[in-house]
Every structure is written in C-alpha cells, then in structure tokens.
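**Q** Following this message is one structure expressed as structure tokens.
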Amino acid sequence: MKITGYADKISARPGESIRFMVNCERPRYRADIVRLVCGDLNPDGPGIREQVVPTPANTSYKGRPQKIESGSYVKIPNSPLLQNLTSFTVQAMLWPTTPDSGAQAIVSKWQDRRRSGFALVIQAGRLALQLGDGKGTVEVVSATKPLLARQWYFVAASYDAETGRVTLYQEPQTDYPTVSDAARIRKKTQLAQMGSHQAGLMFAALRTGSGKGRLDQKFNGKIDSPRLANRVLDRSDMERLKSGVPAHLQESVVGAWDFSQDISSTIVTDMSPNRLHGETVNMPARGMKGYNWSGESMDWKQAPEQYGAIHFHADDVYDAGWEVDFSLTVPAQLKSGLYAARLRSGAEEDYIPFVVKPTPGKEKKLAFLLPTASYMAYANEHMATNAGLIELLSGRLAPLDKNSLFLNEHREYGGSCYDSHSDGSGVCYSSRLRPILNMRPKHISALGGDGSSLWQFNADTHITDWLETKGYDFDVITDEDLHYEGLALLKPYQVILSGTHPEYHSLQMWDAMKAYQNQGGRLMYMGANGWYWRVAFHPDCPGLMEVRRNEGGIRTWAAEPGEYYHSFTGEYGGLWRNQGRAPQVMLGTGFSAQGFDISAPYHRLPDSFQPRAAFIFEGIGKDEVIGDFGLIGGGAAGLEIDRADERLGTPPHALVLATSKGGHTDIYLVVCEELLVTTPGLGGTENELVRADMVFYETPGGGAVWSSSSIAWAGSLSHNKYDNNVSRITHNVLERFLDPAPFVR
Amino acid sequence: MHTVYKISANDQNVVEEFNARPIGHHSPALQRVLNVIRGQPVRDKYVLICTKPHQEWTLGKLTGERGKPVRLLKEQVFTSVEDAEREVFRRRWERHTGTKG
Chain A
30 MKITGYADKI SARPGESIRF MVNCERPRYR ADIVRLVCGD LNPDGPGIRE QVVPTPANTS
90 YKGRPQKIES GSYVKIPNSP LLQNLTSFTV QAMLWPTTPD SGAQAIVSKW QDRRRSGFAL
150 VIQAGRLALQ LGDGKGTVEV VSATKPLLAR QWYFVAASYD AETGRVTLYQ EPQTDYPTVS
210 DAARIRKKTQ LAQMGSHQAG LMFAALRTGS GKGRLDQKFN GKIDSPRLAN RVLDRSDMER
270 LKSGVPAHLQ ESVVGAWDFS QDISSTIVTD MSPNRLHGET VNMPARGMKG YNWSGESMDW
330 KQAPEQYGAI HFHADDVYDA GWEVDFSLTV PAQLKSGLYA ARLRSGAEED YIPFVVKPTP
390 GKEKKLAFLL PTASYMAYAN EHMATNAGLI ELLSGRLAPL DKNSLFLNEH REYGGSCYDS
450 HSDGSGVCYS SRLRPILNMR PKHISALGGD GSSLWQFNAD THITDWLETK GYDFDVITDE
510 DLHYEGLALL KPYQVILSGT HPEYHSLQMW DAMKAYQNQG GRLMYMGANG WYWRVAFHPD
570 CPGLMEVRRN EGGIRTWAAE PGEYYHSFTG EYGGLWRNQG RAPQVMLGTG FSAQGFDISA
630 PYHRLPDSFQ PRAAFIFEGI GKDEVIGDFG LIGGGAAGLE IDRADERLGT PPHALVLATS
690 KGGHTDIYLV VCEELLVTTP GLGGTENELV RADMVFYETP GGGAVWSSSS IAWAGSLSHN
750 KYDNNVSRIT HNVLERFLDP APFVR
Chain B
25 MHTVYKISAN DQNVVEEFNA RPIGHHSPAL QRVLNVIRGQ PVRDKYVLIC TKPHQEWTLG
85 KLTGERGKPV RLLKEQVFTS VEDAEREVFR RRWERHTGTK G
C-alpha cells in the first residue's frame with residue numbers, strides 16, 4: 030500500500046473538525062468524503078456501496094511519505110547535572126526478554142553524531158558499557174557471561190574519569206547450579222574523558238539522530254529502579270540505592286527513578302532531590318511486577334513498591350504523530366452515519382473511517398452503536414501471519430488481502446490486543462492514532478468465515494447496508510462516545526442496534542447500557558461474543574485502550590500472574606463474566622462456542638410460538654428453517670455464537686426462540702471458560718453448548734432485548750434482495766422496538 | 025500445532041471426501057487428517073493470497089519470521105477457493121505420505 034492514513038477522532042458532531050494524517054508515496058492523491066453503506070467486495074452480495082459527500086475537503090493533495098517510529102522508551106530532558114557528568118555510576122534491575130536479539134540500550138546519555146557520552150547496553154547478549162569521548166573514539170567494556178532471558182538481574186556500571194577505570198556488574202537474582210551468568214568486570218579504558226553533549230537521558234533505547242527513524246537499540250524487557258550517580262559508588266551504596274536515596278548519598282545521586290509512581294500516566298518520577306522527571310513514549314507496559322514482587326499481592330495499587338517495573342517493547346506504538354494533511358469541519362446538514370475519507374492515487378486506495386454523530390437534540394429514534402472498542406482491540410491484528418492457528422480454527426486456508434500483506438511487513442504499524450510483541454509478551458494496549466488497516470471497507474479477514482470473510486468493521490457494514498436499504502432513519506454512535514458520555518448518549522433513542530461483534534466494554538460503557546435497559550430502552554443484539562472483555566481507556570491519552578487477558582476466556586496470550594489489573598485505571602481486568610457480569614446479564618445470551626468455517630441455520634423452539642413472541646415471527650412459517658443462507662459461511666448462525674444460560678444471568682422470563690444446535694461442524698468448539706474438566710466431544714456435532722440461541726425478553730420500564738447471538742447474522746440480511754426470513758425477523762423486531770408502546774407496564 | 029497422528033495409506037479413503045467438499049462438514053476420519061495437515065507450524069505454511077478479491081487467488085507461504093514478506097507462489101492461479109484447497113491438500117498429502125493422493 031502506497032497510501033495509508035488515520036484521523037485524530039473516531040467521531041464528530043456537525044460543526045466539529047476532524048484532522049486526517051496521510052502517508053502517500055506518490056506525488057499526489059485525491060481525498061473524497063464518502064458515506065459508507067456496504068464494504069463487502071463479495072459479488073454474491075450487495076457489492077460496494079458508498080456515496081460521495083461534497084465537502085471542501087474533497088480535492089487533490091500533495092503526497093508525502095510519513096513514517097511510524099515504533100519502540101517504547103523513557104526520555105528525561107537534558108539538565109546541567111546530566112550534561113556535566115564526568116565520573117558516574119549507573120544501575121538498574123533488569124529483566125531482559127530478548128537478550129540475544131542485537132544491541133539494546135538500557136540507560137543512555139548518548140549523542141551518536143559525535144560518539145559522545147555513555148550507554149549501558151546489551152551487546153552480543155551481555156551487559157556492556159559504551160563510552161564515547163565526543164571526538165569519535167568509543168570504548169566498550171563487556172561482561173563475559175551472557176544474560177538469560179526472563180531472569181532478573183542487578184546490572185550496574187561505574188566510570189572513574191580520573192583513572193579511566195570501568196567496573197561492570199551483572200548479578201543474577203536467582204542462582205542456578207551449573208549456569209554461569211554472573212559477571213564483574215574491571216577494566217581501565219584509554220579514553221581521555223567522556224564526551225559532554227546536550228541530548229537527554231533515555232531508558233530502553235538510544236538515538237542515532239533527532240529525526241524520526243533514528244530511534245535505535247530498542248530494548249525488550251523490564252527495567253526497574255534505574256539510578257544514576259555522579260561518582261563511582263561502591264557495591265554497598267548501590268544496594269542502598271535500590272530502595273531509595275539515603276541521606277549520605279543525596280549529594281551523589283543525580284536521579285533515582287521510581288516507575289511505581291504515577292502508573293496510570295506517562296509521567297516518570299525522579300525521587301531524588303534533583304527531580305529529573307521524564308515521560309514514557311509509545312506506551313510501554315506499566316503496572317508490571319518488579320524484581321521484588323513477592324506474589325502476596327496481585328494488585329499494583331495494594332503494593333506499588335512491588336510494581337516498579339516498566340516492560341518496554343521494540344514494537345510498541347501509541348501515536349504515529351504524523352503531520353496533518355487536511356481537515357474536515359463536519360457540515361451542519363450532514364446526517365449522522367458512517368463515513369470515511371477515501372484516499373486515491375492511481376490504483377492505490379485507502380479509507381479512513383469516522384462517524385458523524387447527530388446534532389444534540391436532533392437524534393433519530395434508532396442508533397447503531399458502532400463497536401469501536403472492539404475495532405481497537407483487533408486493530409492491525411496479525412493472527413494469520415504470526416501464528417499457524419488460523420487455518421485450524423477456520424477449517425480453510427487463511428486468506429490474505431493487500432492490507433494483511435502490508436501489515437505483515439510493516440510491523441511499525443503496531444499490533445492488536447490479539448498479538449504478542451516480538452518478545453512474546455502480550456500486547457495489552459491498542460491505539461487508534463495510527464492507520465488501522467483492518468478497520469476498512471473492502472477488507473477481507475482470515476477470521477470472517479467462508480464466503481465474504483468479514484470481521485468486525487467491514488462485517489458491520491452489512492448492518493448499515495440493511496438499514497439504508499430498508500429506509501430506516503438512524504444515527505451512528507461509537508463505543509468511545511458511550512464511554513465518555515454515558516447514559517446521556519443513549520437516552521434519546523428508542524432502539525440501540527449493536528454491531529456484529531461488540532466484545533469489549535469499559536465499566537462506563539457497561540453501566541450506561543444497563544441503565545438504558547432499565548429505563549425502557551430497547552437493545553437489538555445483532556451479533557455475538559458481546560460484552561465479554563473488560564477494558565480501560567487511558568485517563569489522559571486519547572484513543573488508547575487497555576486489555577488484560579486474565580484467568581480465562583478465548584485469548585491468544587495470557588497476562589502474567591500478578592499483572593491482572595489495568596494500569597490505566599487500577600481496575601481488575603479480564604472477562605466481565607469473572608466479575609459477576611456475564612454477557613447473559615446484558616443480552617440474555619453469552620459466548621458459548623466458536624468456529625470459522627461455515628455457518629448453520631436456526632430452528633424454531635416452542636418459546637417462539639408464545640404470544641409474547643408473535644410479533645417476531647410474523648410471516649415466518651411454523652417449521653421454517655431460519656437463515657440457511659448468507660454471505661458469512663452460508664448461514665445466519667456462525668463464527669462466534671452465544672447461548673442462553675440462566676445460571677449465568679439469562680433472565681428467567683426470557684424466551685429462547687430458536688437455536689442452531691446440532692448444525693455446526695466440529696471446527697466449532699466450546700469456549701474454554703466452560704471447561705473445568707476436559708472431555709472428548711467438545712465439537713459442534715456432539716456438544717450441546719455449541720449453539721446460537723435467539724432470545725427475547727422484556728426489561729423494566731417497558732423495554733426489551735432481542736439477541737441474534739451470532740456474528741454471522743448480518744451476513745444473511747441481504748440474501749434474495751433482502752427478502753428472506755433473517756431480514757424479516759430483524760425487521761419485525763425493529764418495527765416493534767421502534768413503537769414506543771411499552772412491552773410490560 | 026504439532027500433532028502426534030501420522031497420516032498413512034490407511035487414510036486414503038478420506039481423499040475423495042475432501043476433494044468433494046474441502047470446506048464444511050467432514051467425517052471424523054477426514055477431520056483427523058485435516059488437523060494434522062492444517063496444523064502445520066507457521067514456517068512455510070500455505071496461505072491464500074487474494075490477488076483479485078473474490079475472483080482470483082494464488083498460494084503463498086509464510087516465513088515464520090516477523091516482517092518478512094509472504095512468499096508468493098505465482099505460478100498457479102486459482103479461480104475458486106475450493107481448487108486452491110485441493111491443491112494444498114494434494115501437496116501436503118504427498119509430503120506427509122510420500123505418495124500422490
């Protein structure tokens with residue numbers, strides 16, 4: 030892809046501005062604002078449907094390449110104390126995760142152009158101190174023993190400017206008989222003096238220049254309690270410095286940084302009298318257990334002193350930080366909906382989707398809640414190219430389109446909360462301030478089932494397509510709006526439609542939707558595996574979300590023991606189910622099985638013939654099979670599917686209207702949180718938990734919930750020119766839900 | 025996934041079933057064979073490249089190394105996903121059993 034871009038906002042109201050950042054490797058490109066209706070390329074479906082919206086932003090622009098600099102680190106601004114160092118001691122606790130992956134800086138005060146300053150580094154898998162005189166001469170003193178991955182070390186180096194003597198300490202915190210990974214090196218250097226320069230101090234990287242792309246020697250692993258002193262300390266003083274700054278060392282200490290302070294922020298605090306505070310860049314993981322974690326506390330809020338580590342990753346990215354190329358002030362008359370800036374240059378194309386919210390007071394009766402938190406969790410996922418599992422899960426070859434091929438090669442675009450970092454640790458933060466190339470119309474996803482192969486954003490365009498085709502007036506709102514605006518966002522609406530896969534919810538989002546239900550709101554759950562994981566949004570940094578993969582649930586990595594609390598909020602992470610809020614509490618059904626090959630139909634159950642459900646099945650035959658067609662796996666029940674379960678919170682009065690039980694292949698398997706004892710027979714042809722249950726129930730205040738309980742549902746809506754029983758049931762439910770007459774008084 | 029089960033001539037009877045329906049409901053015997061061949065580790069694993077979306081595909085092979093381009097096998101062009109599945113099955117069958125399926 031020669032053209033990619035992102036926006037600073039996911040949604041805006043008329044009158045508000047959105048800024049677009051574009052990377053274009055061609056001389057010029059054209060941008061047009063389009064209203065997105067359907068993004069499915071499948072010729073068996075409605076096809077691409079979009080309408081150009083005339084705006085002043087629709088014109089030709091000069092192209093320019095823009096790059097992403099990935100890799101997290103801490104930067105401490107330069108100060109006279111740092112710049113005037115001659116002799117020094119630098120020390121830290123270190124948990125390297127990829128010591129053999131090339132040179133990595135731990136603490137650096139380095140100016141590369143003049144080869145000036147010092148850097149405590151890992152070179153050839155060993156600890157080393159690199160010294161430069163500022164005139165081109167560099168000396169390196171290395172430990173003789175390799176560092177082991179995922180082991181804690183005390184590392185330190187001192188330099189005596191008078192004698193030129195360097196002492197290096199590499200001390201493992203765990204001794205393994207027959208393993209030799211400790212080193213203490215004393216060596217006299219020939220350097221006349223260490224170079225002085227104005228570059229700042231950095232942890233976990235160094236710079237080879239000031240421009241983007243000059244971040245180098247990116248470190249993978251944890252750093253805890255870094256310290257810097259202005260003279261050579263003996264080993265006992267180094268030990269005292271680990272836990273604080275004793276009085277007798279106050280004049281010697283330049284900085285003593287405590288990463289356990291301000292864990293929820295980007296602030297890095299120096300607890301020495303010099304207050305050389307800094308900040309994290311590109312969101313390294315915080316709230317991470319430190320070298321002194323005892324295992325007695327699992328919560329960083331309860332024992333912050335044991336959570337003084339930051340886990341840095343060479344492939345972390347938060348804000349791509351690109352220059353703005355154009356902006357759009359949302360026209361006053363533009364109706365709420367799903368839009369995109371369509372970028373084209375020759376055959377090259379990208380879309381930057383965004384939502385236009387309604388003007389307050391002019392809301393329609395119906396809103397489509399776009400599950401943008403889930404888009405962020407999946408942002409730029411690499412499951413098909415990083416791991417070999419997709420073909421097994423989906424029972425077919427993993428299809429890769431141009432976006433997936435690009436993401437495979439451009440790791441600087443960052444991963445999703447389904448990926449692992451290059452060091453194998455899970456990606457727990459995801460940002461939308463970067464191009465998200467799987468949140469695009471026309472994208473084909475390896476997870477999306479046989480046929481259209483759609484997942485998340487592009488699958489959701491089958492909902493907008495159906496709403497537009499059926500002529501409904503609707504607004505579009507996003508998860509992020511719900512998080513920040515709460516119940517007030519939902520209150521004007523008679524009906525909220527979910528996306529196909531609204532999996533990720535913050536506490537604010539969860540509470541707002543529950544409150545909406547309790548006040549008579551109507552929710553149509555157009556998907557499955559919803560309200561599953563708990564997430565947190567960053568308190569200060571926009572467009573940034575956190576997921577901790579705790580305990581159980583379908584997950585592609587697991588949080589380390591002791592790292593189950595969100596760093597952004599201090600809230601316990603993981604499945605909502607494990608916090609007493611299973612999806613059944615919100616939707617009547619909850620995640621029960623998954624498989625990604627073909628889908629199945631539903632069959633009516635006795636509850637569907639109750640008078641309370643009559644409106645749903647109007648025009649549907651008594652024995653009619655529901656949804657034995659569709660663009661997603663050829664059926665309406667598929668991919669991820671949910672079931673009713675009173676034990677987990679399905680209301681006792683809920684009607685289980687139809688089920689897909691017995692129709693699924695053995696690629697479909699029961700979710701792992703259901704497995705206490707593993708037994709044979711977990712597949713779709715044998716296990717009764719492998720099913721999508723369609724459910725309806727009334728809520729307090731005259732409202733109601735209807736749940737399709739299948740991600741594939743929306744892929745069947747357009748079948749036979751929208752004249753089919755999936756479309757009809759959806760229509761029947763929506764019409765009744767739009768009728769303000771209360772279900773139960 | 026590294027599987028324990030070894031495909032042998034005894035599995036010959038599932039080849040026809042696969043070719044008749046590469047994607048969808050399969051007998052337990054075929055599923056066991058597919059678990060082996062589709063469970064191939066990521067290095068050199070076959071993937072499907074969408075050269076013209078929903079119209080034309082080629083095969084590719086993952087490298088298993090992050091950032092390395094997928095190796096594109098352009099010599100064969102498929103106009104159906106099922107044909108690509110059959111071709112990959114044929115190649116893997118041969119690699120596992122040393123015989124043509």
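Chains as they are written, first to last, in the working numbering: chain A, 30 to 774; chain B, 25 to 125. Glycine residues also receive a C-beta, built at the ideal position from the N, C-alpha and C atoms.
(1) Can you give me the start and stop residues for the alpha helix (DSSP H) that V755 of chain A sits inside?
(2) Using a C-beta to C-beta distance shorter than 7 Å, which residues of chain A count as neighbours of I73 of chain B?
(3) For A185 of chain A and L262 of chain A, I'd like the C-alpha separation in whole angstroms.
(4) What residues of chain A sit near E109 of chain B, judged by a beta carbon separation below 9 Å?
(5) Please report whether the beta-carbon of D379 of chain A lies at a distance below 9 Å from any beta-carbon of chain B.
(6) If we call anything under 9 Å between Cβ atoms a contact, is R315 of chain A one with S293 of chain A?
(7) Could you run through the segment 61–75 of chain A and flag, in chain order, every residue whose CB is less than 7 Å away from some CB of chain B?
(8) Given this structure, state the Cα-to-Cα distance separating A475 of chain A from I419 of chain A, to the nearest angstrom.
(9) Can you tell me whether DSSP reads I492 of chain A as helix, strand or coil?
(10) What's the gap between the Cα of C67 of chain A and the Cα of H760 of chain A?
(11) Using Cβ-Cβ distances below 7 Å, what residues of the segment 73–98 of chain B are close to chain A?
(12) Taking the continuous alpha helix (DSSP H) assigned at K247 of chain A, which residues delimit it?
(13) Scan the segment 55–69 of chain B for residues whose Cβ lies nearer than 8 Å to a Cβ of chain A and list them as they occur along the chain.
(14) Report the neighbours of T33 of chain A on chain B: residues whose CB is nearer than 8 Å to its CB, in chain order.
(15) Could you pull the start and end residues of the beta strand (DSSP E) that A134 of chain A belongs to?
(16) When DSSP labels each residue in this structure, what does E168 of chain A get in the three-state scheme?
(17) Counting only Cβ-Cβ distances shorter than 9 Å, please list the residues of the segment 110–123 of chain B near chain A, keeping chain order.
(18) If we ignore side chains and look at the alpha-carbon of each, how far apart do Y336 of chain A and W562 of chain A end up?
(19) By the three-class DSSP mapping on this structure, what secondary structure does Q159 of chain A have?
(20) Going along chain A, which residues have a C-beta under 7 Å from I47 of chain B?
(21) Any idea if R584 of chain A is buried or exposed, counting beta-carbon neighbours within 10 angstroms, 16 or more meaning buried?
(22) Please check if any C-beta of chain A sits within less than 9 Å of the C-beta of V38 of chain B.
(23) Report the CB separation of H342 of chain A from D452 of chain A in whole angstroms; it is logged as a contact under 8 Å.
(24) Counting contacts by CB-CB distance shorter than 9 Å, is I473 of chain A in contact with chain B?
(25) Per DSSP, H534 of chain A is paired with what?
(26) Of all the CB atoms in chain A, is at least one closer than 9 Å to the CB of V28 of chain B?
(27) Residues of chain B with CB under 8 Å from R440 of chain A, in chain order?
(28) Alpha carbon to alpha carbon, how far is K85 of chain B from T75 of chain B? Give it in angstroms, no decimals.
(29) Would you mind listing the alpha helix (DSSP H) stretches within the segment 194–278 of chain A that are 4+ residues and don't spill past its ends, in chain order?
(30) Under 8 Å by Cβ, that's how I've got V734 of chain A and G656 of chain A pegged, so tell me the actual separation to the nearest angstrom.
(31) So, for R78 of chain A: in the same chain, excluding its five sequence neighbours on each side, which residues have a beta-carbon less than 7 Å away from its beta-carbon?
(32) Is the shortest distance between the beta-carbon of N415 of chain A and the beta-carbons of chain B less than 9 Å?
(33) Would you kindly report the start and end of the unbroken beta strand (DSSP E) that includes I419 of chain A?
(34) I want to see whether chain B comes within less than 9 Å of D818 of chain A, judged by CB atoms only; does it?
(35) Near L511 of chain A, what residues of its chain come up, given a Cβ to Cβ distance below 8 Å and the 5 sequence neighbours on each side ignored?
(36) Shorter than 9 Å from the beta carbon of S689 of chain A to some beta carbon of chain B?
**A** Put simply:
(1) As a working mapping, residue 755 of chain A is identified with position 726 in the first sequence. In the DSSP annotation of this structure, the continuous segment of the alpha helix (DSSP H) that includes V755 of chain A starts and ends at N754 to L767.
(2) Looking up residue 73 of chain B in the second sequence gives position 49. Per Cβ cutoff of 7 Å: L429.
(3) Here residue 185 of chain A is taken as the residue at index 156 of the first sequence, counted from 1. Here residue 262 of chain A is taken as the residue at index 233 of the first sequence, counted from 1. Whole-angstrom Cα-Cα distance: 10 Å.
(4) Locating residue 109 of chain B in the second sequence gives position 85, where the first residue counts as 1. Simply R425 and L426.
(5) The residue you call residue 379 of chain A lines up with position 350 of the first sequence. With 9 Å as the cut-off, D379 of chain A does not count as an interface residue toward chain B.
(6) Counted from its first residue, the first sequence places residue 315 of chain A at position 286. Counted from its first residue, the first sequence places residue 293 of chain A at position 264. Closer than 9 Å, so yes.
(7) L70, N71 and P72
(8) Walking along the first sequence from the start, residue 475 of chain A turns up at place 446. Walking along the first sequence from the start, residue 419 of chain A turns up at place 390. Cα to Cα, A475 of chain A sits roughly 7 Å from I419 of chain A.
(9) Reading the first sequence from its first residue, position 463 is the one you call residue 492 of chain A. The answer is helix: DSSP assigns I492 of chain A an H, G or I state.
(10) Counting from one through the first sequence, the residue named residue 67 of chain A turns up at place 38. Counting from one through the first sequence, the residue named residue 760 of chain A turns up at place 731. Taking the straight line joining both Cα atoms gives about 18 Å.
(11) I73, C74, P77, H78, G84, L86, R90, G91, P93 and V94
(12) As a first step, residue 247 of chain A is located in the first sequence; it is residue number 218 there, counting from the start. Counting along the chain, K247 of chain A falls outside any alpha helix (DSSP H), and DSSP gives it neither H nor E.
(13) Q55, L58, N59, R62, G63, Q64, P65, V66 and K69
(14) Along the first sequence, read from residue 1 onward, the residue named residue 33 of chain A stands at position 4. None at all; the shortest Cβ gap to chain B is about 17 Å.
(15) For the purposes of this step, residue 134 of chain A is identified with residue 105 of the first sequence, where counting begins at 1. From DSSP, the beta strand (DSSP E) with A134 of chain A extends over Q133 to Q140.
(16) Position 139 of the first sequence, counted from the start, is the residue given in the question as residue 168 of chain A. DSSP places E168 of chain A in strand when its eight states are reduced to three.
(17) V112
(18) Numbered from 1 along the first sequence, position 307 holds the residue referred to as residue 336 of chain A. Numbered from 1 along the first sequence, position 533 holds the residue referred to as residue 562 of chain A. Using only the alpha carbons, I get a separation of about 24 Å.
(19) Reading the first sequence from its first residue, position 130 is the one you call residue 159 of chain A. Strand, per DSSP.
(20) Position 23 of the second sequence holds residue 47 of chain B. Those within 7 Å of I47 of chain B in chain A are G424, R425, D479, D626 and I627.
(21) Residue 584 of chain A sits at position 555 when you count from the first residue of the first sequence. Buried, since its Cβ has 16 or more Cβ neighbours within 10 Å.
(22) Within the second sequence, residue 38 of chain B is the residue found at index 14, counting from 1. Answer no: the Cβ-Cβ gap between V38 of chain B and chain A never drops below 9 Å.
(23) Counting from one through the first sequence, the residue named residue 342 of chain A turns up at place 313. Counting from one through the first sequence, the residue named residue 452 of chain A turns up at place 423. Contact holds; Cβ gap of about 6 Å.
(24) Residue mapping note: residue 473 of chain A aligns to position 444 of the first sequence, counting from 1. By this cut-off, I473 of chain A is an interface position.
(25) Translated into positions along the first sequence, residue 534 of chain A becomes position 505. In DSSP, H534 of chain A forms a bridge with A:R563.
(26) Along the second sequence, one-based indexing puts residue 28 of chain B at 4. Cβ-Cβ to chain A under 9 Å: no for V28 of chain B.
(27) Numbered from its first residue, the first sequence carries residue 440 of chain A at position 411. Those within 8 Å of R440 of chain A in chain B are R90 and G91.
(28) By 1-based counting over the second sequence, the position of residue 75 of chain B is 51. By 1-based counting over the second sequence, the position of residue 85 of chain B is 61. C-alpha separation (whole angstroms): 14 Å.
(29) You should have 264–270.
(30) Taking the first sequence and counting its residues from 1, one reaches residue 734 of chain A at position 705. Taking the first sequence and counting its residues from 1, one reaches residue 656 of chain A at position 627. Contact doesn't hold; Cβ gap of about 20 Å is too wide.
(31) Reading the first sequence from its first residue, position 49 is the one you call residue 78 of chain A. Here the set comprises V66, C67 and D494.
(32) Within the first sequence, residue 415 of chain A is the residue found at index 386, counting from 1. Closer than 9 Å: yes.
(33) Stepping through the first sequence from its first residue, residue 419 of chain A is reached at position 390. Element bounds for I419 of chain A: not the beta strand (DSSP E) but the alpha helix (DSSP H), L418 to S423.
(34) The structure shown does not extend to residue 818 of chain A, since chain A is modelled only from 30 through 774, so no value can be given for it.
(35) Position 482 of the first sequence, counted from the start, is the residue given in the question as residue 511 of chain A. Answer for L511 of chain A: L398, L518, L519, Q537, M538, A541 and M542, listed in chain order.
(36) Position 660 of the first sequence holds residue 689 of chain A. Not one chain B Cβ lies under 9 Å of S689 of chain A.
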